[in-house]
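Novice: Its first residue numbered 0, the sequence shown is counted upward by one per residue in this note's numbering.
We put the beta carbon where it would ideally sit given N, CA and C, even for glycine.
Note that the structure is predicted; figures quoted are calculated from it, not measured.
Dropping a structure here in structure tokens format, bear with me for questions.
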Amino acid sequence: MAASALDLLIALDARLDDLEATSMTPGSIPRVRQEWGALARASLQLLHVRPHHPEVRDRRIEALLDSLAAIPGEYALPAPGTGLMAITATIGCTAEAMRTRTITSPATRNQAGDEIRASLEAALGRAGRWTQHGFQTAGGAPDHEIVRLAGIDTEPCRSTALHAWRIIGPTDPGIDGAVSRWETAATRTITSPRTVTQLALQLASADIALLCASTSAVMQRAIQTGVISDSSAAIDALDSAGRSWREAARWPSHLRLGGRTTETRHASADLRRCLDDALRSGSDWKQPSDLFAETSPEQLVAVIHSGLQAATRVGRHVLAAMDELTHGASRVWVNAGQIPTPRHTARTMLDNHYDWAPDRVGFHSAEPLHEQTSRALDSLVNATPLTIEALAASTSLPEQVEDEGPWETVSPPADPLRTSQEWARLAAIPSAEPPAPTIRF
């Protein structure tokens, strides 16, 4: 099932709650020490793969974890064990999510790295306090590294920006699974010189344009609900990227690249069907009440952001294929009437009924299409980080205080002195409960 780094950190809280609700049995102290070694190794992996500031030199947590990771023992530890194993697995999954290559702005990456570190330190502190209490109860000797970790009392800091790092697979339901299957099929077809076709490149470009349009629609609906702040820059960038990819999907009539693209056609149809089912109603996009009936705006933006990430990776393959077709050994076929050749050569081609011929070396007939694809990819790379930045910005906005009292709705009176008592009566909000009895002396 698809999961983001934020989803996994929320699950980590639940695993810690389960751990703190259990007691350590007297004979499990050696096993707990081994489990802390595995937990330290998983934590070090997460700290290593998270985005981090290059100037940060504070490595006290890393030093403690290095010492704990050196504890000899089995790896991975077999079940049954304590709740520390579930925490280790969750942290390991978070590290896998953070390994996902994601296009974000430097500010968003730094924010995500800080939040991952703060959340991990808070989790290690809670696990350390549970362990130290268990050692004391069972009569075991204290562990100096765990004692130091138990002294960490920080609050986890999380924002929806962590949704940018998501893991999706081909068996996931809905848009996630369709995007994963589409990326796999398109990549396999486009990257092979034997299977890449004009239809595959056109379908990939058109599907990327559709993902841009879908993301723009979801963003606009999320803004209408007030969950996301007005992000006109992101919407404009997405619309511009969509137009560029639509242009890249329109090949000139004098260029062709034949072949079969069955797998890509099926994956493209599956992607379009899932997008229609999830985002559209008839010929228009769903309204916010229907669009977010089962999925929150933040989660749906995260899902569609993953689609943009996949689109960017496929777009790079499309550009590489276009570059090979334009400048490399594999060349597109050009209408024979569009090839500037000597008269006798042209007559020979017509006599032999050669209506199409490979693009001749040095002519670069597909160069305009190659340049359009390059511009489209640049616009997509610029637009993609803005979608997740809108989520990060919405969580940092000050909370709006709604004051709908009578003072906001009463019009200015002609005679303030005469109506002051009426204003006071309107301003008095009666209590829903009877007044509490008072004590009189």
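Using beta carbons (cut-off 9 Å, strictly below), is L324 in contact with chain B?
Specialist: No chain B is part of this structure, which consists of one protein chain only.
Novice: Is the distance from the Cβ of A41 to the Cβ of I9 below 9 Å?
Specialist: As a first step, residue 41 is located in the sequence shown; it is residue number 42 there, counting from the start. As a first step, residue 9 is located in the sequence shown; it is residue number 10 there, counting from the start. For A41 and I9, no; Cβs fall outside 9 Å.
Novice: Would the stretch 184 to 201 count as touching the stretch 282 to 301 if we require 3 or more Cβ pairs under 8 Å?
Specialist: As far as the Cβ criterion goes, the stretch 184 to 201 does not touch the stretch 282 to 301, which means the pair count is below three.
Novice: Would you kindly check if the distance between the Cβ of S280 and the Cβ of R245 is under 9 Å?
Specialist: Along the sequence shown, read from residue 1 onward, the residue named residue 245 stands at position 246. Along the sequence shown, read from residue 1 onward, the residue named residue 280 stands at position 281. Not in contact: R245 and S280 (Cβ atoms no closer than 9 Å).
Novice: Going by beta carbon distance, what residues of the same chain come within less than 7 Å of L63, once the five residues before and after it are set aside?
Specialist: Along the sequence shown, one-based indexing puts residue 63 at 64. Closer than 7 Å at Cβ, skipping near neighbours: E144, R147, L148.
Novice: So what does S280 bridge to, in DSSP terms?
Specialist: Position 281 of the sequence shown, counted from the start, is the residue given in the question as residue 280. In DSSP, S280 forms a bridge with D283.
Novice: Within 10 Å of its beta-carbon, does A413 have 16 or more other beta-carbons around it, so buried, or fewer, so exposed?
Specialist: What you label residue 413 is simply residue 414 of the sequence shown in a count that begins at 1. No answer about A413 holds up, because its pLDDT of 43 lies below 50 and its placement is not dependable.
Novice: Cβ atoms of V317 and A365: under 9 Å apart, would you say?
Specialist: On the sequence shown, residue 365 is found 366 positions in, with the first residue counted as 1. On the sequence shown, residue 317 is found 318 positions in, with the first residue counted as 1. No. Outside cutoff.
Novice: At which residue ranges does the stretch 31 to 100 contain complete alpha helix (DSSP H) runs of 4 or more residues, listed in the order of the chain?
Specialist: You should have 59 to 68, 83 to 97.
Novice: Just tell me which of W181, I207, G139, R255 has its CA closest to the CA of T372.
Specialist: Residue mapping note: residue 372 aligns to position 373 of the sequence shown, counting from 1. Here the closest residue by C-alpha is I207.
Novice: Can we say the stretch 93 to 113 touches the stretch 150 to 167, given the rule of at least three CB pairs closer than 8 Å?
Specialist: They touch, by the three-pair rule.
Novice: Can you look up R242 in the DSSP assignment and give me helix, strand or coil?
Specialist: Along the sequence shown, one-based indexing puts residue 242 at 243. Helix.
Novice: Which residues mark the beginning and the end of the alpha helix (DSSP H) in which V178 is found?
Specialist: Position 179 of the sequence shown holds residue 178. Run containing V178: 173 to 189, per the alpha helix (DSSP H) assignment.
Novice: Indicate whether R271 and L200 have their beta-carbon atoms separated by less than 9 Å.
Specialist: As a first step, residue 271 is located in the sequence shown; it is residue number 272 there, counting from the start. As a first step, residue 200 is located in the sequence shown; it is residue number 201 there, counting from the start. For R271 and L200, no; Cβs fall outside 9 Å.
Novice: Identify which residue in T87, P29, L290, H52 has its Cα closest to the Cα of R108.
Specialist: Sequence index remark: in the sequence shown, residue 108 carries index 109 (1-based). If we check each option's Cα against that of R108, H52 comes out closest.
Novice: Within a Cβ cutoff of 6 Å, which residues of the same chain sit near D194, ignoring the five residues on either side of it in sequence?
Specialist: As a first step, residue 194 is located in the sequence shown; it is residue number 195 there, counting from the start. Before going on, a small fix: residue 194 reads as Thr here, not Asp. T188.
Novice: Cα separation between G1 and V178?
Specialist: Along the sequence shown, read from residue 1 onward, the residue named residue 1 stands at position 2. Along the sequence shown, read from residue 1 onward, the residue named residue 178 stands at position 179. The question names Gly, but residue 1 is Ala in the sequence shown. Their backbone Cα atoms lie some 12 Å apart in a straight line.
Novice: Is S489 helix, strand or coil by DSSP?
Specialist: Nothing about residue 489 can be read from this structure; the chain reaches only from 0 to 440.
Novice: Would you call the stretch 378 to 394 and the stretch 221 to 233 touching, i.e. three or more CB-CB distances under 8 Å?
Specialist: Verdict: yes, contact present.
Novice: Give me the Cα-Cα distance between T21 and S27, rounded to the nearest whole angstrom.
Specialist: Locating residue 21 in the sequence shown gives position 22, counting from the first residue. Locating residue 27 in the sequence shown gives position 28, counting from the first residue. Cα to Cα, T21 sits roughly 13 Å from S27.
Novice: Assign I151 to one of three DSSP states: helix, strand, or coil.
Specialist: Within the sequence shown, residue 151 is the residue found at index 152, counting from 1. I151: coil per DSSP, three-state reduction.
Novice: Can you have a look at A292 and say buried or exposed, based on whether 16 or more other CB atoms are within 10 angstroms of its CB?
Specialist: For the purposes of this step, residue 292 is taken as the residue at position 293 of the sequence shown. Per the 10 Å Cβ criterion, exposed.
Novice: In the structure shown, what three-state DSSP assignment does L18 receive?
Specialist: For this step, residue 18 is matched to residue 19 along the sequence shown. It is helical.
Novice: Starting from R374, follow its DSSP beta bridges and name the residues at the other end.
Specialist: Indexing the sequence shown from 1 puts residue 374 at position 375. Answer is none; R374 lacks a bridge partner.
Novice: Taking only the alpha-carbon atoms, compute the straight-line gap between I115 and R315 and give it to the nearest angstrom.
Specialist: The residue given as residue 115 occupies position 116 in the sequence shown. The residue given as residue 315 occupies position 316 in the sequence shown. Near 29 Å, if we compare the C-alpha coordinates of R315 and I115.
Novice: Please say whether A248 and S378 have beta carbons closer to each other than 9 Å?
Specialist: Your numbering for residue 378 matches position 379 in the sequence shown. Your numbering for residue 248 matches position 249 in the sequence shown. Going by C-beta atoms, S378 is not nearer than 9 Å to A248.
Novice: Would you kindly report the start and end of the unbroken alpha helix (DSSP H) that includes C211?
Specialist: Here residue 211 is taken as the residue at index 212 of the sequence shown, counted from 1. 197 to 224 is the span of the alpha helix (DSSP H), which, as asked, contains C211.
Novice: Give me the Cα-Cα distance between H343 and V333, rounded to the nearest whole angstrom.
Specialist: As a position in the sequence shown, residue 343 is number 344, starting the count at 1. As a position in the sequence shown, residue 333 is number 334, starting the count at 1. Residue confidence is low: H343 scores 44 on pLDDT, short of 50, so the model does not pin down where it sits. Its coordinate-derived value is still stated next. Spanning the two alpha carbons is a distance of roughly 18 Å.
Novice: Would you tell me roughly how many angstroms separate the C-alpha atoms of A375 and V313, rounded to the nearest one?
Specialist: Taking the sequence shown and counting its residues from 1, the one referred to as residue 375 is at position 376. Taking the sequence shown and counting its residues from 1, the one referred to as residue 313 is at position 314. Each residue's Cα considered, the two are about 12 Å apart.
Novice: So A121 packs on T93, CB below 8 Å; how close in whole Å?
Specialist: Taking the first residue of the sequence shown as position 1, residue 121 is located at position 122. Taking the first residue of the sequence shown as position 1, residue 93 is located at position 94. Actually they do not touch by this definition, with Cβ atoms about 13 Å apart.
Novice: Per DSSP, I166 forms a beta bridge with which residues?
Specialist: Walking along the sequence shown from the start, residue 166 turns up at place 167. DSSP output for I166 lists A2 as bridge partner(s).
Novice: Identify whether L11 lies in helix, strand or coil by the three-state DSSP scheme.
Specialist: If you number the sequence shown from 1, residue 11 lands on position 12. Helix.
Novice: Pull up the distance between the alpha-carbon of N381 and that of A236, whole angstroms please.
Specialist: Indexing the sequence shown from 1 puts residue 381 at position 382. Indexing the sequence shown from 1 puts residue 236 at position 237. C-alpha separation (whole angstroms): 7 Å.
Novice: Counting C-beta neighbours from all protein chains within 10 Å, is the total for S295 16 or more, i.e. buried, or is it exposed?
Specialist: One-based indexing of the sequence shown puts residue 295 at position 296. The residue in question, S295, is exposed, as its Cβ has fewer than 16 Cβ neighbours within 10 Å.
Novice: Going by Cα to Cα distance, which pick from Q110, Q33, D17, A392 is closest to D142?
Specialist: Counting from one through the sequence shown, the residue named residue 142 turns up at place 143. The residue with the shortest Cα to Cα distance from D142 is Q33.
Novice: Only counting the same chain, and skipping five residues up and downstream in sequence, which positions put a Cβ closer than 6 Å to that of S243?
Specialist: Working through the sequence shown from its first residue, we reach residue 243 at position 244. Excluding positions up to five away in sequence, the list reads R374, A375, S378.
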